[in-house]
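Numbering (the numbering used here), first residue to last: 60 to 477. Even glycine gets a Cβ: it sits at the ideal position worked out from N, Cα and C.
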Ligand code: SF4
Ligand code: SF4
């Protein structure tokens with residue numbers, strides 16, 4: 060088979076050869092389901108990528124539009140019998156589209172600036188979140204948010220009190236007989252908006268016999284940057300984290316954000332050679348607890364619970380049964396299935412900000428399924444999904460509380476709200 064002539068990196072071409080055009084991925088693709096267009100399906104996008112890689116199609120606006128209309132949810136990978144590595148192809152294509160200057164306007168430049176200059180810099184991010192917290196306390200945000208559409212207003216998270224935005228200690232000892240020593244990725248957004256989820260994760264790990272170290276010089280995982288086409292910058296972040304976490308000398312690197320976990324596991328192909336050992340140690344917190352066996356829970360929680368799979372956990376890391384198995388162990392919880400659990404919620408990094416209409420259409424389908432199941436609780440293990448589903452619940456006027464699975468496990472050990 061001839062090598063590609065022009066347009067996209069040779070890896071995109073090589074990966075595209077695995078596609079046999081069977082179409083089995085089409086019904087799994089949220090953007091195809093909404094539009095019904097072949098070009099907005101996985102098969103159509105692969106066709107475009109291959110055409111560009113072979114020099115038959117110009118690297119132009121159509122591919123640029125489709126590469127960014129794609130949610131990057133990787134549901135097509137799960138559905139594909141040929142093992143097409145769509146996520147990697149998409150990242151490489153987006154990077155080429157950006158390099159070719161095919162995303163004009165202010166928004167991509169602003170997005171890149173924030174993802175490079177703010178998100179990986181803890182102090183700058185803290186300052187920004189602190190200003191948002193001040194605006195919320197003084198109610199200025201209410202006036203400002205009136206200028207936003209309702210769907211965007213619903214997305215704004217409640218910024219926690221300062222005490223809940225502290226960095227965790229550098230070492231948390233294991234309770235009882237030690238079962239391992241792990242490192243914890245705090246994440247960039249997690250400590251600022253979901254500090255309580257991080258605290259719950261550390262307590263549950265400790266309770267389950269893990270000594271946890273939290274390396275201070277870790278950085279952002281690079282997921283958001285790679286999604287936004289800034290793959291080289293993401294590689295730099297992965298390089299630094301690989302060095303920091305390798306130096307920690309731990310059995311596993313535990314992550315409670317599905318998007319971060321999937322990105323860290325991608326280090327194997329982002330930084331070939333350097334990233335394999337780092338990527339191989341990454342474990343989602345539910346995956347690890349399920350592997351070792353959860354120590355007995357002590358308190359019950361009453362309610363009907365829907366578990367919703369984050370795309371980057373089920374499709375990006377192949378983890379779907381473990382969180383359900385853990386949640387089933389909580390006395391009083393009735394795990395109820397819903398019809399759209401493994402589909403994207405429409406959050407997809409910054410997609411719910413950059414492609415609001417499609418994001419809303421994708422969310423609607425999931426909220427229909429959740430409303431039909433009528434749960435008291437919805438559990439999902441990714442910050443973007445937590446925010447998106449909370450927005451969906453608010454917009455629908457539903458009563459369900461949206462939580463991270465590890466918060467329920469923590470509650471079932473300590474019952475802090477009981
Ligand atoms: S990643 Fe998701 S949105 Fe993109 S082509 Fe695959 S299934 Fe469709
Ligand atoms: S990506 Fe996979 S499932 Fe989709 S058309 Fe190609 S071979 Fe078939």
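Just measuring C-alpha positions, the residue of 390, 426, 328, 216 sitting nearest residue 458 is 426. The Cβ atoms of residue 297 and residue 334 lie closer than 8 angstroms to each other.
Counting other Cβ atoms within 10 Å of its Cβ, residue 343 reaches 16 or more and is therefore classed as buried.
In the DSSP annotation of this structure, residue 170 is not part of any beta strand (DSSP E); the continuous alpha helix (DSSP H) holding it starts and ends at 165 to 176.
For residue 87, the Cβ falls inside the 7 angstroms cut-off from some heavy atom of ligand 1. Take the alpha-carbon of residue 129 and the one of residue 383: they are about 28 angstroms apart.
Fully enclosed beta strand (DSSP E) runs of no fewer than 3 residues are not present anywhere in the stretch 106 to 133. For ligand 2, the residues with a Cβ under 6 angstroms from any of its heavy atoms are, in chain order, 78, 79, 80, 81, 82, 83, 84, 101, 102, 105, 135, 138, 139, 141, 143.
The beta carbon of residue 155 sits closer than 6 angstroms to those of 67, all from its chain and outside the five residues before and after it, given in chain order.
In this structure, the beta-carbon distance from residue 349 to residue 311 does not fall below 8 angstroms.
Under DSSP, residue 436 forms a beta bridge with 364, 460. When rounded, the separation of the alpha-carbon atoms in residue 122 and residue 161 is 9 angstroms. The straight-line gap separating the alpha-carbon atoms of residue 72 and residue 148 is approximately 9 angstroms.
Rounded to whole angstroms, the gap between the alpha carbons of residue 251 and residue 218 is 8 angstroms. Three or more Cβ pairs drawn from the stretch 317 to 329 and the stretch 356 to 376 lie within less than 8 angstroms of each other, which places the two stretches in contact. Burial is judged here by how many other beta carbons sit within 10 angstroms of a residue's own beta carbon; residue 99 has at least 16 and is buried. Counting only the Cα atoms, residue 283 lies some 11 angstroms from residue 150.
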